[in-house]
Amino acid sequence: MPEEMSPCPPPNEIDELPVVRSVAHFSDLSHASEIAFAHALAIALVWRSRLDILHIDRGANADWSRFPAVRRVLERWGLLAPGSERAAVYRELEVAVQKIQLDGNPVRRMLEYVQTHRPDLIVFASEGRTGIGRLRAPSVAETVFRRSRTMTLFVREGGRPFVALADGHLSIQRILVPVDEKPDATEAIARATRAAELLGDAPVEITLLHVGGGTFPAYPKPEPRLTSDGTVERWRWHERRREGVVAEEILAEAGESSADLIVMATDGRDGVLDAFRGSFTEQVVRRAPCPVLAVPAFS
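When you read off a place in the sequence shown, starting at 1, and then add 846, the result is the number in this note's numbering.
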């Protein structure tokens, strides 16, 4: 089994943040994966990055017709002319797409892929199992994220996506970033800022949420940038404090504020009961009203 990987040190400024050069989407060919695929494709288009679409089928022969139809989706989104050839995806949109079929144990094969190819971002459709049901059938997505230590976007079926599968419309207006002294949220805040800059509808409201008492955690907040016409700030900062159970308060704030994206710093599991309940991040992922970007904290 591949060894656990370590995240890169957090940047001090947003301009130092590495770009997303490669996106990996693991698909189980379900409707939920279709929605997650739309997010992976939209992000790859924004970054002009490589997009690997992977499916694991135990011992089956590759059936490429079952994979998401990239060109058909791009034609529906109005980004390619009807009937475009395969080469047009890279020639016109600068996105290199590769479809990969793997076989064998899903977790092992996914971790081997991640260790070999080192994608900057993984996109999964998330599952909502909790408690005993989760112990009997642990989430593949959560296991891969926890062991690979790779930034991962979880898109929950039934949640509110920020990319529309029908037409590719991308909209982020509100981002929620839970913060505490630990895990270090520096990189999560930088990632949220970059998402606001590249994916958001200016001005994006970025809310730092602290659950609990004491001093509000102090983190660097990149200064807002203006839109290309110099008239609107791309993002605005807010701070919120709540009292109560951490995961419950994060979910409550996300629902009440109609967050489009939750960006969470995570350093893995949090305590002895986590085999049953999962980490704070995993608890939020399973019930979030919107996609969750899990960012491994540097420690």
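Ideal placement from N, C-alpha and C gives every residue a C-beta, glycine not left out.
Q: Starting from Met834, trace the beta strand (DSSP E) both ways and give me its first and last residue.
A: The question about residue 834 has no answer, for the chain in this structure spans 847 to 1145.
Q. What is the C-beta distance between Trp1083 and Pro1049, in whole angstroms, given that I count them as a contact (C-beta under 8 angstroms)?
A. About 10 angstroms separates the two Cβ atoms, so there is no contact after all.
Q: Answer with buried or exposed for Gly1117, where buried requires no fewer than 16 other C-beta atoms within 10 angstroms of its C-beta.
A: Annotation note: pLDDT 39 at Gly1117 (below 50); position unreliable, coordinate value reported separately. Exposed, since its Cβ has fewer than 16 Cβ neighbours within 10 Å.
Q.
Which of the three DSSP states is assigned to Phe913 in this structure?
A. Coil.
Q. How many Å lie between Ala886 and Ala1036 at the Cα?
A. 20 angstroms
**Q.** Extent of the continuous alpha helix (DSSP H) run through Ser879
**A.** 877–893
Q. So who's on the other strand from Val1050, going by DSSP bridges?
A. Trp1081
Q | As assigned by DSSP and simplified to three states, the class of Arg1086 | A | strand
Q. Taking the alpha helix (DSSP H) that Ile1035 falls in, what are its first and last residues?
A. 1032–1045
**Q.** C-beta contact flag for Leu1044 and Ile1018 at 7 angstroms
**A.** no
(Q) Which same chain residues end up closer than 6 angstroms to Arg902 when comparing Cβ atoms and leaving out the 5 residues on each side of it in sequence? (A) Note that residue 902 corresponds to Ile in the displayed sequence, not to Arg. Short of 6 angstroms from the beta carbon of Ile902, and not among the five residues preceding or following it, lie these beta carbons of its own chain, in chain order: Leu948, Pro952, Arg955.
Q: Inspect the beta-carbon positions of Leu1022 and Ala927 and report whether they are closer than 7 angstroms.
A: no
(Q) For a quick check, are the C-beta atoms of Asp1113 and Pro1063 less than 7 angstroms apart? (A) no
Q. What is the C-beta distance between Leu1107 and Phe1008, in whole angstroms, given that I count them as a contact (C-beta under 8 angstroms)?
A. 6 angstroms
Q: Answer with buried or exposed for Glu1095, where buried requires no fewer than 16 other C-beta atoms within 10 angstroms of its C-beta.
A: In summary, Glu1095 is buried, with 16 or more beta-carbon neighbours lying within 10 Å of its beta-carbon over all protein chains present.
**Q.** Straight-line gap, Ala1038 to Ala884 (C-alpha atoms, nearest Å)
**A.** For Ala1038 and Ala884, the distance between alpha carbons rounds to 19 angstroms.
**Q.** Nearest neighbour of Arg1149, chosen from Arg1086, Pro1066, Gly1090, Val941 [CA to CA]
**A.** Since the first residue of the chain shown is 847 and the last is 1145, residue 1149 is not available in this structure.
Q.
As a quick exercise: from Arg894, Arg1020, Glu1003, pick the residue whose alpha carbon is nearest that of Asp966.
A. Arg894
**Q.** Element boundaries [beta strand (DSSP E), containing Ser868]
**A.** 868–872
Q. Rounded C-beta distance between Ala1105 and Val1130? I'm assuming under 8 angstroms.
A. Between Val1130 and Ala1105 the Cβ distance is about 11 angstroms, and since that is not below 8 angstroms, they are no contact.
Q. Nearest to Trp923 by CA position, among Val1001, Glu1128, Asp1013, Asp874, is which residue?
A. Asp1013
Q.
Starting from Ala1140, trace the beta strand (DSSP E) in both directions and tell me its first and last residue.
A. Counting along the chain, the unbroken beta strand (DSSP E) around Ala1140 starts and ends at 1138–1142.
Q. Which two residues bound the contiguous alpha helix (DSSP H) that contains Arg1158?
A. What is shown of the chain runs 847 to 1145, which leaves residue 1158 out entirely.
Q) Looking only at DSSP bridge pairs, what is Asp903 linked to? A) In the DSSP output, where bridge partners are listed per residue, Asp903 has none listed.
Q: Kindly give me the distance between the Cβ atoms of Arg1071 and Glu1051, rounded to whole angstroms, as I take these residues to be in contact under 8 angstroms.
A: About 15 angstroms; that fails the 8 angstroms criterion.
Q | Boundaries of the beta strand (DSSP E) in which Pro1066 is found, first to last residue | A | Premise fails: Pro1066 is in no beta strand (DSSP E) and is neither H nor E.
Q. Can Val943 and Val919 be called in contact, C-beta distance under 7 angstroms?
A. Pairing Val943 with Val919 gives a Cβ-Cβ distance that is not under 7 angstroms.
Q | Rounded C-alpha distance that separates Ala933 from Phe913 | A | 17 angstroms
Q) Secondary structure at His1015, three-state DSSP: helix, strand or coil? A) coil
Q.
The alpha helix (DSSP H) that contains Thr962, what's its start and end?
A. Where Thr962 is concerned, the enclosing alpha helix (DSSP H) stretches over 952–963.
Q) Start and end of the beta strand (DSSP E) containing Thr998? A) For Thr998, the enclosing beta strand (DSSP E) stretches over residues 998–1002.
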